[in-house]
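Every letter in the sequence shown is one number past the one before it in this note's numbering, and letter 103, counting from 1, is 357.
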Amino acid sequence: MALSNIRLEVMNTVEKSVQGFIDKYLIPVDDIWQPTDMLPNLQSEEGFEEVHQIREEAKELGYDFWVVLVADMVTEEALPTYESWLMDMEGVEQHGKQRGEQNAWAKWVRHWTGEENRHGDTLNKYLYLSGRVDMKEIEKTTQHLINDGFDIGTGRDPYRNFVYTSFQELATNISHKRVGQLAKKKGNKMLGKMCNIIAGDEMRHYMAYREFVKTIFEHDPSEMMLAYVDMMKKKIVMPAQFIRESGQGIAEAFENFSNAAQRLGVYTTYDYIDILKKLNTYWEIDKMRSLTDEAEKARDYLMALPDRMTRIADRIAIPQDQHKFKWVEANGMV
Numbered sequence: 255m256a257l258s259n260i261r262l263e264v265m266n267t268v269e270k271s272v273q274g275f276i277d278k279y280l281i282p283v284d285d286i287w288q289p290t291d292m293l294p295n296l297q298s299e300e301g302f303e304e305v306h307q308i309r310e311e312a313k314e315l316g317y318d319f320w321v322v323l324v325a326d327m328v329t330e331e332a333l334p335t336y337e338s339w340l341m342d343m344e345g346v347e348q349h350g351k352q353r354g355e356q357n358a359w360a361k362w363v364r365h366w367t368g369e370e371n372r373h374g375d376t377l378n379k380y381l382y383l384s385g386r387v388d389m390k391e392i393e394k395t396t397q398h399l400i401n402d403g404f405d406i407g408t409g410r411d412p413y414r415n416f417v418y419t420s421f422q423e424l425a426t427n428i429s430h431k432r433v434g435q436l437a438k439k440k441g442n443k444m445l446g447k448m449c450n451i452i453a454g455d456e457m458r459h460y461m462a463y464r465e466f467v468k469t470i471f472e473h474d475p476s477e478m479m480l481a482y483v484d485m486m487k488k489k490i491v492m493p494a495q496f497i498r499e500s501g502q503g504i505a506e507a508f509e510n511f512s513n514a515a516q517r518l519g520v521y522t523t524y525d526y527i528d529i530l531k532k533l534n535t536y537w538e539i540d541k542m543r544s545l546t547d548e549a550e551k552a553r554d555y556l557m558a559l560p561d562r563m564t565r566i567a568d569r570i571a572i573p574q575d576q577h578k579f580k581w582v583e584a585n586g587m588v
């Protein structure tokens, strides 16, 4: 049987469990929080007082903080790209025989997207109300990121895609949580709460995607192991890897954004290594048996990789000079 057919067969088998994952890890629309729950109610007089409070508290947050918050928001706003990518995976069928019919994988992608979409909405509105950033420049960046597309090195392979989403959901959980902690330390309780709740969503999503991979390991361990090692050899790239400012070429803003995140301690190389360790442990790759010779070598590589990466990370210096972004520099902030 062709490799793609084996993957499709496994996806069809695992699909029977997907509705259970939706029920366990996603929250119905009428029960989950919405952006307006986090933001001032401008239909009331108190809402305008809260906007004033946001603008005053925002003055306490430094330059790198705003760069990271903007890039985090833009990353969330590019969800149309991520949904279309996941809908193209082998095993995801959004067009059923009956009108409106879709398989469980397509339902998962859409419901996951619906939850994720709220994050960009919330942070976008906060940034607009804060008065500390150039929203038009940010809007251009968002449009560029969607226009420029998305290539995370997974192709249409669900195994590789689920390794990526497992990794990336925990990374965004860490980033949002730490941004929230920094905001709270500066007295900005509203933004701190927003980021903390968004981080909670990301944690639920991480738990679901890592479960998808764990289930696939039970059905097709060698091929899942090879997909995992392939993704880690390529390195997990961030969704915003192609981010740019107006007038720039594709991806030119990413390194400077990444440096700002590392200076703040929001998301570092050591966090990347720690996520790898957590996934290795959760998927219990050290205990797997009945692997092909190639898959055994892949497992050994993955077990040794965290220590290898730590030795490299210890030698890397983080640039301390701040790049002046169009998103933020219009406010004269330092």
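Ideal Cβ positions, reconstructed from N, Cα and C, are used throughout, including at glycine.
Remember, predicted model here, so these are calculated numbers, not experimental data.
{"Asked": "Identify which residue in L377, S476, T523 has its Cα closest to the Cα of I566.", "Found": "T523"}
{"Asked": "Classify S298: buried if its beta carbon has 16 or more other beta carbons within 10 angstroms, exposed otherwise.", "Found": "exposed"}
{"Asked": "If I measure Cβ to Cβ from T546 and keep anything under 8 angstroms in the same chain, skipping five residues before and after, which residues do I get?", "Found": "S476"}
{"Asked": "Once DSSP output is grouped into helix, strand and coil, what is the label at V264?", "Found": "helix"}
{"Asked": "Taking Cβ to Cβ, would you say D455 is nearer than 8 angstroms to L377?", "Found": "no"}
{"Asked": "Where does R569 sit, in a helix, a strand or coil, going by DSSP?", "Found": "coil"}
{"Asked": "Distance, Cα to Cα, L559 vs H306?", "Found": "49 angstroms"}
{"Asked": "For R261, count neighbouring C-beta atoms within 10 Å of its own C-beta (all shown protein chains included) and say buried if the count is 16 or more, exposed if not.", "Found": "buried"}
{"Asked": "Which complete alpha helix (DSSP H) runs does the region 300-348 hold, if anything under 4 residues is left out?", "Found": "317-331, 333-341"}
{"Asked": "Considering only their Cβ atoms, is the gap separating M563 from R553 smaller than 8 angstroms?", "Found": "no"}
{"Asked": "Leaving out five residues before and five after I451 in sequence, what residues of the same chain have Cβ atoms less than 8 angstroms from its Cβ?", "Found": "W287, M292"}
{"Asked": "Let me check understanding here. Comparing Cα to Cα, which of D528, M486, A507 lies closest to V328?", "Found": "A507"}
{"Asked": "Alpha carbon to alpha carbon, how far is Y418 from E465?", "Found": "13 angstroms"}
{"Asked": "Please identify the residue among N357, Y482, G345 whose C-alpha is closest to the C-alpha of A549.", "Found": "Y482"}
{"Asked": "What did DSSP end up calling G368 once you bin it into helix, strand or coil?", "Found": "helix"}
{"Asked": "Candidates W339, D388, K394: which alpha carbon is nearest T367's?", "Found": "W339"}
{"Asked": "Run through DSSP, which three-state label would G274 get?", "Found": "helix"}
{"Asked": "Assuming I497 and L383 make a contact with CB atoms under 8 angstroms, what is their CB distance in whole Å?", "Found": "Between L383 and I497 the Cβ distance is about 23 angstroms, and since that is not below 8 angstroms, they are no contact."}
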